[in-house]
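*Asks:* Can you keep this structure in mind? I'll have questions shortly.
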Amino acid sequence: MTKVSVFPAIKNLLKENVTLYGFVPPDARPPYVVYEERGQTWGFPDVTRGTVSFGLKILSTYKGAQEINQMIALLKGKLEGCEVTLEPRLKGLFRFIHQDTEFKNDAITREAVLEFQLMVRK
């Protein structure tokens, strides 16, 4: 079974546009994005093809929806249909799956979760 690390590829694609965390440090200030891997599935016996499912959670405390909507559009624009090389001879293609946006009870914080898949092949 193969295990692929997708976080470095995503961080490289987004590094100039957003703050991306694998875990959120206590002193982190919004807006930021958190990478959350959901799982990996690989073909059998052909382990040269697989799918990595992950979420990108956006947190914003901007007064209004403009900031989070811009970040959602940016993430979709940067990742959807983008091809990446993960390791030598291992390629991937990002696919957007689903999105949820929530206005938190504090009446300030907005959170969006974007679900993606990375289709991987050798």
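Under the working numbering, the first residue of the sequence shown is numbered 1222, with each subsequent residue one higher.
Glycine included, every Cβ here is placed at the ideal spot set by N, Cα and C.
List the whole-angstrom C-beta distance separating Gln1338 from Ser1281, where the pair is believed to meet the contact cut-off of C-beta under 8 Å.
*Replies:* Translated into the one-based positions of the sequence shown, residue 1338 becomes position 117. Translated into the one-based positions of the sequence shown, residue 1281 becomes position 60. In fact, because the Cβ distance is near 24 Å, the residues do not count as touching under 8 Å.
*Asks:* What do you reckon, are the CB atoms on Gly1276 and Val1334 nearer than 8 Å?
*Replies:* Position 55 of the sequence shown, counted from the first residue, corresponds to residue 1276. Position 113 of the sequence shown, counted from the first residue, corresponds to residue 1334. A Cβ-Cβ contact shorter than 8 Å links Gly1276 with Val1334.
*Asks:* Can you give, in chain order, each stretch of the beta strand (DSSP E) that sits fully within the region 1258 to 1295 and has at least 3 residues?
*Replies:* 1270 to 1281
*Asks:* Under DSSP, the alpha helix (DSSP H) around Phe1228 begins and ends at which residues?
*Replies:* What you label residue 1228 is simply residue 7 of the sequence shown in a count that begins at 1. Counting along the chain, the alpha helix (DSSP H) containing Phe1228 begins and ends at 1228 to 1235.
*Asks:* Using the Cβ count rule (16 or more neighbours within 10 Å means buried), how would you classify Phe1315?
*Replies:* The sequence position of residue 1315 within the sequence shown is 94, counting from 1. With 16 or more Cβ atoms within 10 Å of its Cβ, Phe1315 is classed as buried.
*Asks:* Which residue comes first and which comes last in the beta strand (DSSP E) that contains Ile1318?
*Replies:* Translated into the one-based positions of the sequence shown, residue 1318 becomes position 97. From DSSP, the beta strand (DSSP E) with Ile1318 extends over 1311 to 1324.
*Asks:* Taking 8 Å as the threshold (C-beta atoms), are Val1341 and Leu1311 in contact?
*Replies:* Within the sequence shown, residue 1311 is the residue found at index 90, counting from 1. Within the sequence shown, residue 1341 is the residue found at index 120, counting from 1. Contact flag set, yes.
*Asks:* By Cβ distance below 8 Å, which residues in the same chain neighbour Ile1293 in space, the five residues on each side in sequence not counted?
*Replies:* For the purposes of this step, residue 1293 is identified with residue 72 of the sequence shown, where counting begins at 1. Short of 8 Å from the beta carbon of Ile1293, and not among the five residues preceding or following it, lie these beta carbons of its own chain, in chain order: Ile1279, Gln1320, Thr1322, Ala1333, Leu1335.
*Asks:* Cβ atoms of Arg1250 and Ile1289: under 8 Å apart, would you say?
*Replies:* Within the sequence shown, the letter at position 68 stands for residue 1289. Within the sequence shown, the letter at position 29 stands for residue 1250. Cβ atoms of Ile1289 and Arg1250: not closer than 8 Å.
*Asks:* Smallest Cα separation from Phe1244: which of Asn1238, Leu1235, Val1254?
*Replies:* For the purposes of this step, residue 1244 is taken as the residue at position 23 of the sequence shown. Checking every option, the nearest Cα to that of Phe1244 belongs to Val1254.
*Asks:* What does DSSP give as the partner residues of Phe1337 in its beta bridges?
*Replies:* Locating residue 1337 in the sequence shown gives position 116, where the first residue counts as 1. Answer is Phe1275, Phe1317.
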